[in-house]
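In this note's numbering, the protein residues as written are 62 to 474.
A virtual CB, placed ideally from N, CA and C, is assigned to each residue, including glycine.
This report refers to the structure that appears directly beneath it.
So, in structure tokens, the structure goes:
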């Protein structure tokens with residue numbers, strides 16, 4: 062018999078938009094988006110849902126953000142058999158673990174419905190072989206195995222190469238591969254078992270949006286898709302905000318746009334399982350406002366821009382003005398309620414363009430695990446001193462600080 066499940070990710074509850082007019086709270090947008098998701102869950106009669114990390118935007122979420130998610134759990138509790146959640150890089154493990162309380166409050170039966178797996182649990186699994194990151198259950202006559210791998214701190218992956226003598230650039234990826242090998246070796250699986258992997262990572266094949274930070278998208282933090290496939294029927298990933306599918310690998314993307322540069326469809330994935338064959342459908346959610354960027358160049362008529370602003374009244378708008386003169390009435394643009402950001406650019410000359418390109422190239426090739434290299438770039442960019450000797454004087458002091466930090470990190474591990 063067939064059944065359905067839903068995959069969503071990157072809720073980032075509590076995320077606000079920085080604006081000329083103060084921070085914009087998006088509570089209503091999140092609330093209405095959850096109502097959309099609840100309706101889809103009810104209509105599709107899902108057996109379970111998967112949330113692939115980044116439930117909250119901050120480690121200490123606001124009461125309103127927590128309330129949104131708790132109400133969501135309450136509203137879908139009776140609609141599904143299981144709710145699987147992993148922690149992402151934005152989440153606090155302790156905050157998420159506290160949500161387990163709702164199993165006792167809401168559950169009339171003995172089985173847990175809300176299954177939350179965090180890095181704290183993963184550490185227990187590694188250290189004591191307890192709190193295994195996999196769950197097996199049956200739906201009708203279907204055997205299902207779900208493996209939950211929360212976000213793993215980058216610093217652990219970067220230390221991994223020393224322990225296993227692996228090249229540093231591949232160590233974070235190999236850490237995930239070895240972990241999955243360990244888990245699967247413990248399981249004797251029926252060949253008909255439906256195998257689902259849940260993770261919060263950035264894959265090497267992923268299509269990045271313009272809003273992703275260079276710090277988080279540096280090559281050293283990528284996970285190679287070949288290191289995680291392991292014959293899974295479905296891989297449910299979080300971390301990247303754009304929906305995409307690479308064979309059995311799926312990013313559901315964020316449930317709404319979180320920053321400018323994310324003006325593309327946002328939604329969830331509805332999956333239909335029939336004899337272990339999975340048909341996936343991306344369902345776009347539409348209860349949010351778009352975040353769009355409009356450009357105004359010197360030769361263009363401002364009236365055309367104003368028309369675009371008026372045509373997009375239900376969107377948040379950032380305006381980029383490319384102009385040397387003071388002829389544009391900025392206040393006239395700010396008066397529009399939906400215009401929340403204005404950036405003015407001085408016309409670039411060839412030298413400036415080259416400098417910008419070189420800086421971007423530096424960032425993209427920078428090894429962010431080498432903190433000293435990051436500091437050097439920082440001081441150069443600030444132009445604190447043009448004297449290379451001054452930089453050499455700073456290096457020994459920085460090394461002492463970094464060595465001390467290294468000792469503290471080793472104690473933690």
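Exercise. Can you tell me which of 268, 154, 249, 281 puts its alpha carbon nearest to the alpha carbon of residue 232?
Key: Proximity to residue 232 across 268, 154, 249, 281 peaks at 281, based on C-alpha coordinates.
Quiz prompt | 8 Å contact criterion, which residue 204 and residue 142 should meet: CB distance rounded | solution = The beta-carbon distance between residue 204 and residue 142, rounded to whole angstroms, is 14 Å. This is too long to meet the 8 Å contact definition.
Quiz item: What does a CB cutoff of less than 6 Å around residue 173 pick up in its chain, not counting 5 residues either side in sequence?
Solution: If we look at residue 173 and ignore the five residues flanking it on each side, its Cβ neighbours are 164.
Quiz item: Nearest-angstrom Cα distance between residue 234 and residue 145?
Solution: Straight-line measurement puts the Cα of residue 145 at about 23 Å from the Cα of residue 234.
Practice problem: Could you pull out every residue in the same chain whose Cβ sits closer than 8 Å to the Cβ of residue 351, ignoring the five residues on either side in sequence? | Solution: Closer than 8 Å at the Cβ level, and outside the excluded window around residue 351, lie 318, 324, 373, 375, 376, 377.
Practice problem: Would you kindly report the start and end of the unbroken beta strand (DSSP E) that includes residue 161? | Solution: Per DSSP, residue 161 lies in no beta strand (DSSP E) segment and is marked neither H nor E.
Exercise. Name, in chain order, the residues that DSSP records as bridge partners for residue 297.
Key: Answer is 259, 311.
Self-check item: Start-to-end residues for the alpha helix (DSSP H) that takes in residue 332
Solution: From DSSP, residue 332 is part of no alpha helix (DSSP H) but of the beta strand (DSSP E) over 328 to 335.
Practice problem: Taking residue 368 as the reference, give the member of 400, 95, 383 with the closest Cα. | Solution: Among 400, 95, 383, the Cα nearest to that of residue 368 is on 400.
Quiz item: So, do the segment 187 to 200 and the segment 113 to 132 have three or more beta carbon pairs nearer to each other than 8 Å?
Solution: With a cut-off of 8 Å on Cβ pairs, the segment 187 to 200 is not in contact with the segment 113 to 132, counting fewer than three such pairs.
Quiz item: What number of angstroms, rounded off, separates the C-alpha of residue 213 from the C-alpha of residue 76?
Solution: Here the alpha carbon of residue 213 sits roughly 22 Å from the alpha carbon of residue 76.
Self-check item: Sequence ranges, alpha helix (DSSP H) only - wholly within the segment 89 to 126, length at least 4
Solution: For the segment 89 to 126, there is no continuous alpha helix (DSSP H) assignment of 4+ residues that stays within its boundaries.
Quiz item: With distances taken from CA atoms, which of 347, 379, 397, 366 is nearest residue 94?
Solution: The shortest Cα separation from residue 94 among 347, 379, 397, 366 belongs to 347.
Self-check item: Beta-ladder partner(s) of residue 203, from DSSP
Solution: Answer is 200, bridged to residue 203.
Quiz item: Helix, strand or coil for residue 237 per DSSP?
Solution: Note: residue 237 maps to helix in three-state DSSP.
Quiz item: From residue 158 to residue 177, what distance separates their C-alpha atoms?
Solution: Going by the C-alpha atoms only, they are around 7 Å apart.
Self-check item: At least three beta-carbon pairs within less than 8 Å, the segment 258 to 266 to the segment 282 to 297
Solution: Three or more Cβ pairs closer than 8 Å define a contact, and the segment 258 to 266 meets that threshold against the segment 282 to 297.
Quiz prompt | C-alpha gap between residue 175 and residue 241, whole angstroms | solution = Cα to Cα, the separation comes out at about 23 Å.
Self-check item: Distance between residue 383 and residue 315 (C-alpha atoms, nearest Å)
Solution: In this structure, the straight-line span from the alpha carbon of residue 315 to that of residue 383 is close to 31 Å.
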